[in-house]
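Residue numbers (my numbering): 564 to 1161.
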């Protein structure tokens, strides 16, 4: 849903003005982009310059690259202020505001002209008033969505204010003074939340009554809030109450989403486009004060067949240090067919338990679109979930102990593939269900990889993480021992193979080829140590070249050697087949008396 741009600019500067409420007399420069530019200006009060003295002023900058900056100042006895040493880049946009009587006032948007280093602005302030007789509602926009088994409703009330003063009611007067703006929510509304970011502490809801205490600036502004309604069968009746009336009411529904079924007094539907999305809108002009507008909302066709929803893949990305463990659990939902699937408040589609002790839970991806919320220690998916793939993520934190941590992952339906990917900071993974995969590098991090196929519904996957003991040896000593270990390992791997394979049972293999294969295996182990961060790249290169040179030399010797002569068959034990000599009485392999065995 679109709203006017002016309040969005005000949100940025109102947040900055909150910091300046207790500003000192001297300017407090912030991280503004530096340069030769100077922004000068005056705070103007209808009562004259003296009334504009000592007013906190803020300059907010936003560059074309998105880098923000803020600086603070205080007006002098004539209401003047200056921000020096700022960038005069024409691509830099500046917003100026002042805080008078604890109310933020907004000046114009400032951009330096090419080649100029000075610019001047005026910020008008005035005495506030609690007289709201000039306040009215120019337009009301109401949008309906189907989210988490309920109707999600957003309302934007575009106010007008005919006076020249800011309208605001001080907290001490609110018991005896009407609110400048008031409306009522439909019956059954819940989950109220203000979306008027800069002034959300001034808008309140109690028992369906919504009041805003100001400020309302000359000319007007937008108020934005949301709530939910329970779904009551195929069609949900809605009654909008408008105590202040409005010049125009617009009811919007997204194409393919809920629709207005019984329109009541609303006009015929029109197709429009907002921010690249298609909408249907029905309008009603000149709604009188205190009027009610009734209609009904119907949901699009959807299925509740749980056999159509599945999980193709789930990836658990884990970062582990001594203080906390961070998990980003990415889940790929898939819905077959051409209809969305949806649950209800009482019967959600999925309930994915979170590990015990999970904190700081955050849902991202398509979580909002599929009606996924955190509730009672689980991620609950209500739908609707559209056909095809719907990826979403849940991030959470766990508190490990010095000895490590163990936690459970569980899904209520089959998961075709589960990946557990742990940043390798010296961690051992312990799990009976997960299979080892080769570590891999992503960016500057190396991740240990474990996987499991075809998790059944409700199956528990226990993941244990344990810090490895740090070696107390020096890096050069450890490196030398690693290299020596590789050589010794290659030797001992090769010796039994040489002893066994030199027998006539494998005449096509030679001792040279077996030694060469052992060197190849040592090179592969060396590559693995480098990929997992256990070996520096320079040391890896030096050691790998040494092993490779030995393998190449063995290959050359092997190729230059004459073909081996045929080997006469050696007699073997009739019981175990072990080679024997003609003079032996007993077999060295099984102890059989050779004479008795014939």
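C-beta atoms are modelled at their ideal positions from N, C-alpha and C, and glycine is treated no differently.
If you follow the beta strand (DSSP E) that residue 880 is part of, which residue opens it and which one closes it? Residue 880 -> beta strand (DSSP E) spans 872 to 883.
Using the C-alpha atoms, what's the distance from residue 1086 back to residue 1108? Rounded to whole angstroms, the separation of the alpha carbons of residue 1086 and residue 1108 is 9 Å.
Excluding the five sequence neighbours on either side, which residues of its own chain have a C-beta within less than 7 Å of the C-beta of residue 914, listed in chain order? Excluding positions up to five away in sequence, the list reads 941, 943 and 975.
Check the DSSP bridge columns for residue 669 and list the partner residues they point to. DSSP lists 660 as partners of residue 669.
Return yes when the Cβ of residue 803 is within less than 8 Å of the Cβ of residue 714, no when it is not. No, the pair does not count as a contact, with Cβ atoms beyond the cut-off.
Beta-carbon contacts of residue 852 that lie in its chain and below 8 Å, excluding the five residues immediately before and after: So the qualifying residues of the chain are 805, 806, 807 and 808.
Taking buried to mean at least 16 other C-beta atoms within 10 Å of its own C-beta, is residue 818 buried or exposed? So residue 818 counts as exposed.
Smallest Cα separation from residue 780: which of 694, 1000, 987 and 890? Nearest neighbour of residue 780 by Cα position, chosen from 694, 1000, 987 and 890, turns out to be 694.
From the DSSP output, which residues share a beta bridge with residue 1162? Here the chain has residues from 564 to 1161 only, and residue 1162 is not among them.
Among the residues of its own chain, which have a CB less than 7 Å from the CB of residue 861, if the five just before and after it don't count? Within its own chain, the residues whose Cβ lies closer than 7 Å to the Cβ of residue 861, once the five positions on either side in sequence are excluded, are 797, 798, 821, 822 and 824, listed in chain order.
For a test of the three-state rule: what should DSSP assign to residue 1101, helix, strand or coil? It is helical.
Does DSSP classify residue 909 as helix, strand or coil? In the structure shown, residue 909 adopts coil according to DSSP, grouped into three states.
Going by CA-CA distance only, name the one from 917, 767 and 932 that's closest to residue 534. No answer is possible for residue 534: it lies beyond the span of the chain, which begins at 564 and ends at 1161.
Using 8 Å as the cut-off, can you tell me whether the segment 769 to 783 makes contact with the segment 714 to 734, which would need three or more C-beta pairs spanning the two stretches below that distance? Segments in contact, yes.
Residue 887 by DSSP, collapsed to three states: which one? Residue 887 falls in the coil class under three-state DSSP.
Between the alpha carbons of residue 882 and residue 999, how many angstroms are there, rounded? Residue 882 and residue 999: Cα-Cα distance of roughly 18 Å.
Between the C-alpha atoms of residue 829 and residue 983, what's the straight-line distance to the nearest angstrom? Whole-angstrom Cα-Cα distance: 53 Å.
Tell me, please, whether the segment 980 to 994 touches the segment 915 to 935 by the rule of three or more beta-carbon pairs shorter than 8 Å. Verdict: no, contact absent.
Go to residue 790, then tell me how far its beta strand (DSSP E) extends in each direction, as first and last residue. From DSSP, the beta strand (DSSP E) with residue 790 extends over 785 to 793.
Check for me: the beta strand (DSSP E) holding residue 724 runs from which residue to which? Residue 724 -> beta strand (DSSP E) spans 713 to 724.
When you compare the CB positions of residue 870 and residue 906, do they come within less than 8 Å of one another, or not? For the pair residue 870 and residue 906, the CB atoms are not nearer than the 8 Å cut-off.
Consult DSSP for residue 675 and reduce its assignment to one of helix, strand or coil. Three-state result, residue 675: coil.
Distance between residue 901 and residue 815 (C-alpha atoms, nearest Å): The straight-line gap from Cα to Cα measures roughly 25 Å.
Can you say whether residue 680 is buried or exposed, counting buried as having 16 or more other CB atoms within 10 angstroms of its CB? Exposed, by the Cβ-count rule.
How big is the Cα-Cα spacing for residue 973 and residue 965? Distance between the alpha carbons of residue 973 and residue 965 is about 25 Å.
Bridge partners - residue 755, DSSP secondary structure assignment: Checking the DSSP bridge columns, you'll see residue 755 has no partner listed.
Taking 8 Å as the cut-off, decide whether the C-beta atoms of residue 755 and residue 775 are in contact. Not a contact, by the Cβ cut-off of 8 Å.
Following the continuous beta strand (DSSP E) through residue 956, name the residue where it begins and the one where it ends. Where residue 956 is concerned, the enclosing beta strand (DSSP E) stretches over 951 to 961.
Quick check on residue 1145: does DSSP put it in helix, strand or coil? Here residue 1145 sits in coil by DSSP.
Report the rounded CA-to-CA distance for residue 749 versus residue 927, giving the unit in angstroms. One C-alpha to the other measures close to 30 Å.
So the beta strand (DSSP E) residue 841 belongs to, where does it begin and stop? It spans 840 to 850 - the beta strand (DSSP E) in which residue 841 sits, taken as one unbroken run.
Nearest neighbour of residue 951, chosen from 929, 970 and 937 [CA to CA]: Considering only alpha carbons, the answer is 929.
Span separating the alpha-carbon of residue 897 from that of residue 835: If you take the alpha carbons of residue 897 and residue 835, they lie about 31 Å apart.
Residue 612, DSSP secondary structure in three states: Annotated three-state conformation of residue 612 is helix, per DSSP.
One question on the structure: do residue 670 and residue 697 come within less than 8 Å of each other, judged by their Cβ atoms? Cβ distance not < 8 Å, so residue 670 and residue 697 don't count as in contact.
Classify residue 1089: buried if its beta carbon has 16 or more other beta carbons within 10 angstroms, exposed otherwise. The residue in question, residue 1089, is buried, as its Cβ has 16 or more Cβ neighbours within 10 Å.
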